[in-house]
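Engineer: Heads up: the sequence shown runs through residues 3 to 736, numbered per the numbering used here.
Glycine is no exception: its CB is placed at the ideal position from the N, C-alpha and C atoms.
Below you'll find the structure I mean.
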Amino acid sequence: MPASPSGRLALTTNITDLPGVGAKRAELFRKLGIRGIADLLQHFPLRYEHQLPQQTIALASDFIGPNHGSEANIVLQGEIAAARAAPPRNRRVPFQATLSDGTGTIKLAWFNSPWLAKKLHPGSQIIVAGKATRHGDYLQMVNPKWQPVDPTGKQFTTERAELAEGNTNQSFSARSASSVVNPKLIPIYPATESLPSHVIQQTIDSILDQSLALLEDHLPADFRRKAALISLADAYRLIHRPQNEEDAARARRRLAFDELFMLQLGVMLKRAHRRQTLHAPQLKHGAKISQRIRARLPVKAITPDQARVINEIVGDLEKTTPMNRLLQGDVGSGKTLVALYAMLMAVASKHQTALMAPTEMLAEQHFGLIRELLRDADVSIELLTGSLKPAQRRQILAKLESGEIDILIGTHALLTESVNFKSLALAVIDEQHRFGVHQRATLRAKSTDPKSTPHMLVMTATPIPRTLSLTVFGDLDISTIKGLPPGRQPVITKHVSQAKSLEVYEYVAKRLKGGEQAYIVVPVIDESATQLKSLKAHFDWLTKGPLSAFKAETAAMHGRVDRAERESIMERFRAGKIKALVATTVIEVGVDVPNASIMVIEQAERFGLAQLHQLRGRVGRGSRRALCVLIADPQTEDAKARIAAVVGSTDGFVIAEKDMEIRGPGELFGARQSGLPPFKVADLPGDMALLRMARREAEAWVERNPTLAGPDDALLRKRLMKVHGKAMGLADVA
Ligand code: ADP
Ligand code: MG
Numbered sequence: 003m004p005a006s007p008s009g010r011l012a013l014t015t016n017i018t019d020l021p022g023v024g025a026k027r028a029e030l031f032r033k034l035g036i037r038g039i040a041d042l043l044q045h046f047p048l049r050y051e052h053q054l055p056q057q058t059i060a061l062a063s064d065f066i067g068p069n070h071g072s073e074a075n076i077v078l079q080g081e082i083a084a085a086r087a088a089p090p091r092n093r094r095v096p097f098q099a100t101l102s103d104g105t106g107t108i109k110l111a112w113f114n115s116p117w118l119a120k121k122l123h124p125g126s127q128i129i130v131a132g133k134a135t136r137h138g139d140y141l142q143m144v145n146p147k148w149q150p151v152d153p154t155g156k157q158f159t160t161e162r163a164e165l166a167e168g169n170t171n172q173s174f175s176a177r178s179a180s181s182v183v184n185p186k187l188i189p190i191y192p193a194t195e196s197l198p199s200h201v202i203q204q205t206i207d208s209i210l211d212q213s214l215a216l217l218e219d220h221l222p223a224d225f226r227r228k229a230a231l232i233s234l235a236d237a238y239r240l241i242h243r244p245q246n247e248e249d250a251a252r253a254r255r256r257l258a259f260d261e262l263f264m265l266q267l268g269v270m271l272k273r274a275h276r277r278q279t280l281h282a283p284q285l286k287h288g289a290k291i292s293q294r295i296r297a298r299l300p301v302k303a304i305t306p307d308q309a310r311v312i313n314e315i316v317g318d319l320e321k322t323t324p325m326n327r328l329l330q331g332d333v334g335s336g337k338t339l340v341a342l343y344a345m346l347m348a349v350a351s352k353h354q355t356a357l358m359a360p361t362e363m364l365a366e367q368h369f370g371l372i373r374e375l376l377r378d379a380d381v382s383i384e385l386l387t388g389s390l391k392p393a394q395r396r397q398i399l400a401k402l403e404s405g406e407i408d409i410l411i412g413t414h415a416l417l418t419e420s421v422n423f424k425s426l427a428l429a430v431i432d433e434q435h436r437f438g439v440h441q442r443a444t445l446r447a448k449s450t451d452p453k454s455t456p457h458m459l460v461m462t463a464t465p466i467p468r469t470l471s472l473t474v475f476g477d478l479d480i481s482t483i484k485g486l487p488p489g490r491q492p493v494i495t496k497h498v499s500q501a502k503s504l505e506v507y508e509y510v511a512k513r514l515k516g517g518e519q520a521y522i523v524v525p526v527i528d529e530s531a532t533q534l535k536s537l538k539a540h541f542d543w544l545t546k547g548p549l550s551a552f553k554a555e556t557a558a559m560h561g562r563v564d565r566a567e568r569e570s571i572m573e574r575f576r577a578g579k580i581k582a583l584v585a586t587t588v589i590e591v592g593v594d595v596p597n598a599s600i601m602v603i604e605q606a607e608r609f610g611l612a613q614l615h616q617l618r619g620r621v622g623r624g625s626r627r628a629l630c631v632l633i634a635d636p637q638t639e640d641a642k643a644r645i646a647a648v649v650g651s652t653d654g655f656v657i658a659e660k661d662m663e664i665r666g667p668g669e670l671f672g673a674r675q676s677g678l679p680p681f682k683v684a685d686l687p688g689d690m691a692l693l694r695m696a697r698r699e700a701e702a703w704v705e706r707n708p709t710l711a712g713p714d715d716a717l718l719r720k721r722l723m724k725v726h727g728k729a730m731g732l733a734d735v736a
C-alpha cells in the first residue's frame, strides 16, 4: 500500500512516496503537472476506450458501430482464413490476414512484420487482442497482439490477460466466448511517450480507494440531492473507474458543475459585494443637463439606439450602486458619443471621469475630440500616456489628486499605481477586448476616497458570446447598439490576388484624384526595425510607382512614430492634406476619419478575422460609398474562410460567429485575457444547461450568505479561494 513517511496516505502526499514511483518516474509525472496525490486525482481521462471481454466476431461487429462508437478494444479467437504476404522490402504494405470464427470475419493487418508470413497460415488457430475499428461493413485490427491457441487449454487465463495489456484488472475466466457483450471502459489519460496512459492508470488505481476516503465534499448532501449530483468521492471514483458510460457521465456532470459553480460563486460574491458594500457617487440628470450635454455632441441627433443605451446608463449613474456595464456595438456604431454623454454627466455633477484606450493613437484622438467639443467650457482635460515627460506627468498626477482635472484620457498608463483621483465618478474603458478583468478591477480602485467606487463603462466592438457573458463577464450588465448612424452605406469589400495589386493601386490613385482618402495597411507583426523595413519598402514602391502623383501627400504611420509626428500626421490626414496613409495595425482600433473611404490591406491572409473587420471599420464612416480591398493569396483553408467571411458580410455579429466557427470558442473574446484557469471538465457551449443551473444555485447561495462566512461554508470558501481567489480578486469580497 502506498504510504507517506508517516505511514498514511494524505491528499498532500508526494507522488515519490508511492511504491513504484522513483525519482525518474516522478519527474515524468511532474512534466504532466502531477506532484501529489491531489494532482493525480485531478488528472482526468481524456476519453474512455471500450474493452470487451472475449467474444464472437458477430457480437463485436454489433457493438462497434453507430450505437456505441466506431472502435473498441477486443479479444477474439478464430482461424486464419486467408493470408497475404507483403511484397518484400515494402514497408508501406502490411502483412494481411482474415480471421474467421464461424460467426463472422475480421481483417487483420501488421506493418513491418514480413516474417509473419512464415508463422500465420490459413488454418492457424490464434487469439488476437487490440483495437478494432469499423470501415464501412467490415471490422479491422491493425497491429493486434496475437498468440497461437494453446491446444491443451492450460494457463489460458493468464495468457489472455497478458494479451490485454494496459488493463491489468481484466481477467478472462470463461474459456468460451461470452454471449453478452459487456464492455469495460478503459480510461485514456493525457500521457507522454515515456509515461503512457496505462501506467498512469495503474498509479491512480493504486491510490484511488484510499484517497477517496479522505475527500470531504464541499456541497452538502441535501443540496446534491436536489441538484441530482453525486458526491465528490463518487465523482472521482467514477471518472477514473467507470463501469459504463452512465457512470462516466454522472462523474463528469458533478465535476463540470463544480467548475461552473465555483466561477459563478466568485461572480455572484463580487456582485453582492458591489451592490451591498460599495458606493458610487450619485450623478445628477434632468432635462436641463440632458439638453446641455446634447448641445455639445458633434452630431445633428443621436440615433434611437444611442438614446436607448444612454437611458440605460443614466439609470445606473443616478444610483449609488457602482455601475458595471458593457456597451457593445459594431465598429462605427457610435459608442464614443454614448461614453461622452456619460462622462459629461460626471462633469456636470462636479466629479472626475477617466477614459482608457488601448493605443496612444486612439487616446490622442479621443483627447482631441473631447477637447474640441469643450473648447469654450470651463472644464479641464488632460492626456496621460507612457510617452509623457516625467515633469509633465508629475504635474498631471498632482492636479488629478487635487481635483483640478475633470477629465483624464489615457492609455493603460492610467493603471499605474501613482495615478489617483480625488473623486473619480466614472471610468470608461474603450475596446475592452484589448484589456482583461484585472484592468477593470485596478481602474475601479483609483479613487482616493476609500468609501467611493467609480461607475464603470466598458465598450467593445467584439460582441461577447452568450457563454462568456454568463461566465467571465457574468457580472456585467449589457447594453447593445444594434444599428449604425444614419446615411451609412455598407463598405464594398473585394478580394484581389497579389498579381493584380498594381491595378488596385492605379484605381486607388484615380479615386484619390477625385478627393478621397485611403489607408494602406501592411502586415507588420512586432514593429521591430526589420519588420518596419517591409512597411518602408512598400511605401517607397508606392510613392515611386502607382501613387507617385501623391508623393507629398502620402505618409507612413506605425507604433514607432513619435507623438508629435503622429499627431501632426493625423491632423493633416483629418484635414485632407494627407491623402494616403501607409500604416501598420496601429490604426486598427478606434481611429475615426470620416472622409477616408478606401482601404487596401496587403497580405490580408495574415490577419485574423476580427482584426480584418476592425480594420475595415476605419472606412465607411462618411456618406461616401467606401471600398475595402483585400490583397491576398490565401493558402490554408482557414485563411480562405477568413477572407470569404469578410467579403461576405459587414455585420460584426455575423463575423464574430464565423470567427467562432473557424477558431473555436476558446480563442475568442477575453477567454485568454481573463487570466482565469481554463475548465478541465466543463465544456461550453455544450454544458450551457449546467451553467445556467450553476448560476442559479450560486445566486441563491450568495443570497443566503453574501460573504460565505458561515461554518458550513468554510470548505467551499477555501476551495473557491484556491481556484479563483487571486484571478478574480476575491480577497476583500469573501
Ligand atoms: P465606434 O462605435 O466604432 O467607437 P465611433 O464612436 O467612432 O464608433 O463613431 C463612428 C462615427 O459615427 C463617428 O464619425 C461619429 O461621429 C459618427 N456618429 C456617431 N453617432 C452619430 C449620429 N448619431 N449621427 C451621425 N453620426 C454619428
Ligand atoms: Mg470606438
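Any idea which residues DSSP pairs Y238 with across the strands?
Structural biologist: Y238 pairs with nothing; no bridge assigned.
Engineer: Please report the straight-line C-alpha distance between N422 and L13, rounded to a whole angstrom.
Structural biologist: Going by the C-alpha atoms only, they are around 45 Å apart.
Engineer: To the nearest angstrom, how far is it from the Cα of L402 to the Cα of R446?
Structural biologist: Each residue's alpha carbon lies about 16 Å from the other.
Engineer: Between the stretch 253-260 and the stretch 679-689, are three or more C-beta pairs nearer than 8 Å?
Structural biologist: With a cut-off of 8 Å, the stretch 679-689 and the stretch 253-260 count as touching, because enough Cβ pairs lie within range.
Engineer: Would you report the Cα separation of Q354 and A429, rounded to the nearest angstrom?
Structural biologist: Rounded to whole angstroms, Q354 to A429 spans 9 Å at the Cα level.
Engineer: Looking at L426: is its Cβ nearer than 9 Å to the Cβ of K448?
Structural biologist: Cβ atoms of L426 and K448: closer than 9 Å.
Engineer: Could you give the distance in angstroms between the alpha-carbon of D640 and the alpha-carbon of T469?
Structural biologist: Roughly 24 Å between the two C-alpha positions.
Engineer: Check whether the Cβ of K337 lies closer than 8 Å to any heavy atom of the ligand MG, and answer yes or no.
Structural biologist: Result yes, Cβ under 8 Å from the ligand MG.
Engineer: Quick one: does the C-beta of G476 sit closer than 8 Å to a heavy atom of the ligand MG?
Structural biologist: The answer is no for G476.
Engineer: For L42 and E701, what's the separation of their Cα atoms in angstroms?
Structural biologist: Approximately 32 Å between the Cα atoms of the pair.
Engineer: Checking the sheet assignment: what are the DSSP bridge partners for W112?
Structural biologist: Looking at the DSSP assignment, W112 forms a beta bridge with F97.
Engineer: Taking three-plus beta-carbon pairs below 8 Å as touching, is the stretch 332-341 in contact with the stretch 614-628?
Structural biologist: Yes: at least three Cβ pairs fall under 8 Å.
Engineer: Using the beta-carbon count (16 or more within 10 Å), is R719 buried or exposed?
Structural biologist: The residue in question, R719, is buried, as its Cβ has 16 or more Cβ neighbours within 10 Å.
Engineer: Between which two residues does the beta strand (DSSP E) harbouring A83 extend?
Structural biologist: First-last of the beta strand (DSSP E) with A83: 73-86.
Engineer: Could you tell me if H414 is buried or exposed, where buried requires 16 or more neighbouring beta carbons within 10 angstroms of its beta carbon?
Structural biologist: With 16 or more Cβ atoms within 10 Å of its Cβ, H414 is classed as buried.
Engineer: For M730, count the other beta carbons within 10 Å of its own beta carbon; 16 or more makes it buried, fewer makes it exposed. Which is it?
Structural biologist: Looking at its Cβ environment, which holds 16 or more other Cβ atoms inside 10 Å, M730 is buried.
Engineer: Excluding the 5 residues flanking L629 on each side, which residues of the same chain have their C-beta closer than 6 Å to its C-beta?
Structural biologist: Only I494, I600 meet the Cβ criterion.
Engineer: Among I657, L265, V524, E705, which residue has its Cα nearest to the Cα of V631?
Structural biologist: The shortest C-alpha separation from V631 is found at V524.
Engineer: Ignoring anything shorter than 3 residues, give me the beta strand (DSSP E) runs that lie fully in the stretch 241-286, in order along the chain.
Structural biologist: The stretch 241-286 contains no whole beta strand (DSSP E) run of 3 or more residues.
Engineer: Verify the contact flag: D653, CB atom, against every heavy atom of the ligand ADP, threshold strictly below 8 Å.
Structural biologist: D653: no, Cβ never under 8 Å from the ligand ADP.
Engineer: Using the DSSP secondary-structure output, state which residues sit across from F31 in a beta bridge.
Structural biologist: Its beta-bridge partners do not exist; DSSP assigns none.
Engineer: Can you give the beta carbon distance from H560 to L534, rounded, assuming they're within the 8 Å contact cut?
Structural biologist: Their Cβ separation, rounded to whole angstroms, is 6 Å, which keeps H560 and L534 in contact under 8 Å.
Engineer: Answer yes or no: do A253 and A237 have a C-beta to C-beta separation smaller than 9 Å?
Structural biologist: It is a contact, given that the beta carbons lie within the stated cut-off.
Engineer: On the CB-based measure, 16 or more other CB atoms within 10 Å of its CB, does V311 come out buried or exposed?
Structural biologist: Flag for V311 reads buried.
Engineer: Put Q53 into one of helix, strand or coil per three-state DSSP.
Structural biologist: If DSSP states are grouped into helix, strand and coil, Q53 belongs with the strands.
Engineer: Would the stretch 81-100 and the stretch 118-127 be scored as touching if the rule is three or more Cβ pairs under 8 Å?
Structural biologist: Short answer: they touch.
Engineer: Would you call G80 buried or exposed, if buried means 16 or more other Cβ atoms sit within 10 Å of its Cβ?
Structural biologist: That one is buried.
Engineer: Looking at the unbroken alpha helix (DSSP H) that takes in H435, where does it start and where does it end?
Structural biologist: No alpha helix (DSSP H) holds H435; DSSP gives it neither H nor E.
Engineer: Output needed for E164: all residues of its chain with C-beta closer than 6 Å, excluding positions within five of it in sequence on either side, in chain order.
Structural biologist: Any reading at E164 must be qualified, since the residue scores a pLDDT of 42, below 50, and its modelled position is unreliable; no value is offered.
Engineer: Hey, M458 and N313 are a contact pair by Cβ (cut 8 Å); roughly how many whole angstroms apart?
Structural biologist: That belief does not hold up - the Cβ atoms of M458 and N313 are roughly 18 Å apart, past 8 Å.
Engineer: Measure the CB-CB distance between I129 and L210 and report whether it falls below 9 Å.
Structural biologist: No, these two residues do not count as a Cβ contact at 9 Å.
Engineer: Does the distance from the C-beta atom of I383 to that of L410 stay below 9 Å?
Structural biologist: Yes, Cβ-Cβ distance for I383 and L410 is below 9 Å.
Engineer: Measure the CB-CB distance between V595 and L364 and report whether it falls below 9 Å.
Structural biologist: Their beta carbons are not under 9 Å apart, which means V595 does not touch L364 by this criterion.
Engineer: Please identify the residue among W148, S530, N597 whose C-alpha is closest to the C-alpha of R490.
Structural biologist: When each option's Cα is compared against that of R490, the closest is N597.
Engineer: What I want to know is whether the C-beta of V2 ends up closer than 8 Å to one or more non-hydrogen atoms of the ligand MG.
Structural biologist: A query on residue 2 cannot be resolved here, the shown segment of the chain reaching from 3 to 736 and no further.
Engineer: Given that a residue counts as buried once 16 or more other Cβ atoms are within 10 Å of its Cβ, and exposed if not, what is Q278?
Structural biologist: Under this definition Q278 is an exposed residue.
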